[in-house]
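First the structure, in the form of structure tokens, and then the observations on it.
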Amino acid sequence: MNCKDRSNATITTANIIEIALRAAKDYADNHPDQPPLIILNSWNEWTETSYLQPDDLYGYGYLEAVKRVFLD
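Numbers given in our numbering equal positions in the sequence shown, counted from 1, plus 140.
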């Protein structure tokens with residue numbers, strides 16, 4: 141698994157990601173007149189603390205959050 145320098149990172153947890161994704165999904169679901177499009181920023185932008193890849197701190201937590209919101 142990957143690990144990045146967290147000395148200057150924004151605090152983000154899998155739970156926070158899940159809450160944000162649920163809000164985005166709820167918005168899309170409640171606006172059927174608009175295309176149901178939700179864009180996730182990036183898969184592996186480690187230096188910008190913007191990634192979904194498994195890491196040493198949360199494991200697969202971010203990906204599991206995406207799964208819970210969109211597949212479960």
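Just so it is clear, CB atoms sit at the ideal spot from N, CA and C, and this is done for glycine as well.
Nearest candidate by alpha-carbon position, reference residue i, set the options
i: GLN174; options: ALA164, SER190, TRP183 and LEU211; result: ALA164
i: ILE156; options: ASP212, VAL206 and PHE210; result: VAL206
6 Å Cβ shell around residue i - same chain, five flanking residues per side excluded
i: GLU187; result: Note that residue 187 corresponds to Thr in the displayed sequence, not to Glu. Closer than 6 Å at the Cβ level, and outside the excluded window around THR187, lies no residue.
i: SER190; result: ASN181 and SER182
Per DSSP, the bridge partner or partners of residue i
i: ASN184; result: TYR191
i: GLY199; result: ASP195
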